[in-house]
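Participant: With the sequence shown counted from 1, adding 29 to any position gets you my numbering.
Where is the CB? At the ideal position from N, CA and C, for every residue including glycine.
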Amino acid sequence: MPEYLPARGFKEMENLLKVYETQKHPIYIYFFGEKDKQGRSWCPDCVEAEETIMTAFRLNAPAEARIIVVDVGSREAWMDRKDNGFRKAPFLVDSIPALLHWKGVERLDGEQLTKKALLELFFEETNPRKSDPQVPIPQPAK
30 MPEYLPARGF KEMENLLKVY ETQKHPIYIY FFGEKDKQGR SWCPDCVEAE ETIMTAFRLN
90 APAEARIIVV DVGSREAWMD RKDNGFRKAP FLVDSIPALL HWKGVERLDG EQLTKKALLE
150 LFFEETNPRK SDPQVPIPQP AK
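1. To the nearest angstrom, how far is the alpha carbon of Y49 from that of F39?
2. Can you grab the Cα-Cα spacing for the pair I125 / V98, in whole Å?
3. Put V134 into one of helix, strand or coil per three-state DSSP.
4. Taking only runs that begin and end inside the stretch 71-158, name each unbroken beta strand (DSSP E) of 3 or more residues, in chain order.
5. So which of E154, R116 and V76 has the shortest CA-CA distance to E140?
6. Got a sec? Which residues, its chain only, sit under 6 Å from Y33 by beta carbon, not counting five neighbours each side?
7. Going by DSSP, what residues sit across from R37 in a beta bridge?
8. Excluding the five sequence neighbours on either side, which residues of its own chain have a C-beta within less than 8 Å of the C-beta of P157, listed in chain order?
9. Among E41, K47, F60 and T84, which residue has its Cα nearest to the Cα of K144?
10. Note down the Cα distance separating L121 from E149, rounded to an integer number of angstroms.
11. Work out the CA separation of C72 and E63 for me, nearest whole Å.
12. Just the C-alpha distance for E93 and H130, rounded to the nearest angstrom, thanks.
13. When the Cα atoms are used, what is the spatial distance from A118 to Y59?
14. Tell me the DSSP secondary structure of M30 in three-state form.
Shown next, in the form of structure tokens:
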């Protein structure tokens, strides 16, 4: 089962990446809007996608994966484009929820995270243990 690593804010996420980045396990970063005392995010898209995302983590993420679950903060903090580290390279998160494969190019954003098939494909493509079928090379006729 994947290991979930909660991070509240940019600095905690950076610290977790420093701790885990030298390991060979895949790292995924899941960004969502801060939750209130009832456990509900201010971000309606995050609320809509949460169950689908969490189910995909359980069913599709590689067992050895590390999933950094990042609370990006309040709506006001998220909307601050000048000082918001999540919006800068190498993360370039423009909308939440967002899911990135760390040190990979794969990512899903916003409404894509409500689509079960896209999440399945995302984890299939980023799983280091997936077996690539060998395509036979045609031999010249003698």
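Facilitator: This is what the structure holds:
1. 16 Å
2. 12 Å
3. coil
4. 95-100, 127-130 and 136-138
5. V76
6. I96 and V98
7. D100
8. K53, P55 and P91
9. T84
10. 23 Å
11. 8 Å
12. 14 Å
13. 16 Å
14. coil
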